[in-house]
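If you're matching positions, the sequence shown starts at 53 in our numbering and goes up one per residue. C-beta: ideal position from N, C-alpha, C; glycine also.
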Amino acid sequence: MNKESVVHKRKKAVKYLLIHLALIAAAAACVYPLLRILSVSIRPGDKLISTDLSLIPDGATFAAYARLLKETLFLRWLWNSLLITVSTSFIGVSLASTAAYAFSRFRFAGKRSGLVLLLSTQMIPAGMLILPLFLMIMKLGLMNTYLGIIIAYSVSSLPFSIWILKGYYDTIPRSLEEAALVDGTSQLGAFYRIILPLSTPALSIAFLFNFTTAWNEYLVARVVLFSSQQYTWTLGLFELQGQYITQWGMFAAGSMLVTAPVLAVFLYSSKWLISGLTLGSVKG
Numbered sequence: 053m054n055k056e057s058v059v060h061k062r063k064k065a066v067k068y069l070l071i072h073l074a075l076i077a078a079a080a081a082c083v084y085p086l087l088r089i090l091s092v093s094i095r096p097g098d099k100l101i102s103t104d105l106s107l108i109p110d111g112a113t114f115a116a117y118a119r120l121l122k123e124t125l126f127l128r129w130l131w132n133s134l135l136i137t138v139s140t141s142f143i144g145v146s147l148a149s150t151a152a153y154a155f156s157r158f159r160f161a162g163k164r165s166g167l168v169l170l171l172s173t174q175m176i177p178a179g180m181l182i183l184p185l186f187l188m189i190m191k192l193g194l195m196n197t198y199l200g201i202i203i204a205y206s207v208s209s210l211p212f213s214i215w216i217l218k219g220y221y222d223t224i225p226r227s228l229e230e231a232a233l234v235d236g237t238s239q240l241g242a243f244y245r246i247i248l249p250l251s252t253p254a255l256s257i258a259f260l261f262n263f264t265t266a267w268n269e270y271l272v273a274r275v276v277l278f279s280s281q282q283y284t285w286t287l288g289l290f291e292l293q294g295q296y297i298t299q300w301g302m303f304a305a306g307s308m309l310v311t312a313p314v315l316a317v318f319l320y321s322s323k324w325l326i327s328g329l330t331l332g333s334v335k336g
């Protein structure tokens, strides 16, 4: 083994070591805040503002979780969020899948400008859309209703979902659909029997995006929903913050509990995450 080969291997080993150290540091930076929230949620009431950096405090207790579930409408807020988020995700993905198929497979006037227009809507700050959404939902008579917030959430996530799915559809050979059409299948049948099954990775990514966006949204919900019985968890936890005091223990406990649904959806769809994003960006 010559000297150059040894030097090359050492440089390669150092490179991989630095990369792994950087990844470990990034992972720790992401996980540590979550661990701190967990630590606050199990602290005794007299130690909530303690400067102790230990993750498991002395006298750790789950009293904050018990109080949150017994003294507030947290379970109701969680159910509202699940209902709204799941409905939004299914409606958004259903609309985006058909719209993206039209952009991918058909030629029509305004196709390119339509795609550009969809992309440009993502550049508008969410705050600027609050007034139009408020007026639209109010005129439809859907204020303080599940349907009103579902409509608002569904349309807001459509542009990104359409672009992801359209890019993925472009990677699927047209010959597969043509073969199905020759066998007597309709265009709609080819879409449902050929395109959708092959697009599971991209559909999963679109669903995950819609789910996380709707699950964490606060601003639109603040405008549309005003009854505590209709609150999502984001509005409900905000109620724990009073003018003079904030229930930090209960706030942290709620923050930990609401991560479970998102984590479950992410873990289930993680096997399609990379392929859905990379293949969906091959063609525009």
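Less than 8 Å between the CB atoms is what I'm expecting for N196 and V276, so what's the real figure, rounded?
That pair is a contact at about 7 Å.
Take L47 and list the residues in its own chain whose beta-carbon comes closer than 8 Å to its own, dropping the five residues that flank it on each side.
Any question about residue 47 goes unanswered here, given that the chain covers just 53 to 336.
Would you mind stating whether I94 and T113 have Cβ atoms separated by less than 8 Å?
A contact, by the Cβ cut-off of 8 Å.
Around the C-beta of F290, are 16 or more other C-beta atoms found within 10 angstroms, so that it is buried, or is it exposed?
Exposed: under 16 other Cβ atoms inside 10 Å.
So, is the C-beta of L121 closer than 8 Å to a C-beta in chain D?
Among the chains of the structure shown, chain D does not appear; only one protein chain is present.
If you follow the alpha helix (DSSP H) that P109 is part of, which residue opens it and which one closes it?
Careful: P109 lies outside any alpha helix (DSSP H) and carries neither H nor E.
Note down, in chain order, each residue of its chain lying with its Cβ closer than 6 Å to the Cβ of G332, except the 5 sequence neighbours on either side.
Here G332 scores only 46 on pLDDT, less than 50, and its place in the model should not be relied on; the value that follows carries that caveat. Excluding residues within five positions, the ones whose Cβ falls inside 6 Å are I216, G219, Y220, A254.
State the CB to CB distance for the pair S206 and T140, rounded to an integer number of angstroms; the pair is presumed to be in contact (CB under 8 Å).
Right, the Cβ-Cβ distance comes to about 5 Å (below 8 Å), so this counts as a contact.
With DSSP run on the structure shown, which of helix, strand or coil describes V334?
Below a pLDDT of 50, predicted positions are generally treated as unreliable, and V334, at 44, falls in that range; the measurement from the model is reported next regardless. Coil at V334, not helix or strand.
Are the beta-carbon atoms belonging to T137 and S209 less than 8 Å from one another?
No, the Cβ-Cβ distance between T137 and S209 is not below 8 Å.
Would you say the stretch 314 to 321 touches the stretch 256 to 263, given that touching needs at least three Cβ pairs under 8 Å?
The stretch 314 to 321, when compared against the stretch 256 to 263, does touch it at the 8 Å Cβ threshold.
Per DSSP, which residues does Q293 bridge with? Please list them.
DSSP lists T298 as partners of Q293.
Is L187 close to the ligand ZN? I mean its beta-carbon at under 7 Å from any heavy atom of the ligand.
This structure does not include the ligand ZN; it has no bound ligands of any sort.
Let me confirm a value: I176 is counted as buried when at least 16 other C-beta atoms fall within 10 Å, else exposed. Which label applies?
Exposed, by the Cβ-count rule.
Is DSSP giving A161 helix, strand or coil here?
Of the three classes helix, strand and coil, the one that applies to A161 here is coil, per DSSP.
Quick one: measure Cβ to Cβ for S337 and S256, integer angstroms, because I've assumed they're closer than 8 Å.
There is no way to answer for residue 337, as the model of the chain reaches only from 53 to 336.
Suppose the cutoff is 7 Å on Cβ atoms and the five residues either side in sequence are ignored; what does the same chain contact list for L120 look like?
If we look at L120 and ignore the five residues flanking it on each side, its Cβ neighbours are F126, M302, A305, G306.
Compare the C-alpha of T286 against each of D110, R128, V83 and name the closest.
The option with the nearest alpha carbon to T286 is R128.
Quick one: residues in its chain with C-beta nearer than 8 Å to the C-beta of R88, no 5 flanking neighbours on either side, listed in chain order?
Taken in chain order, the residues that qualify are L107.
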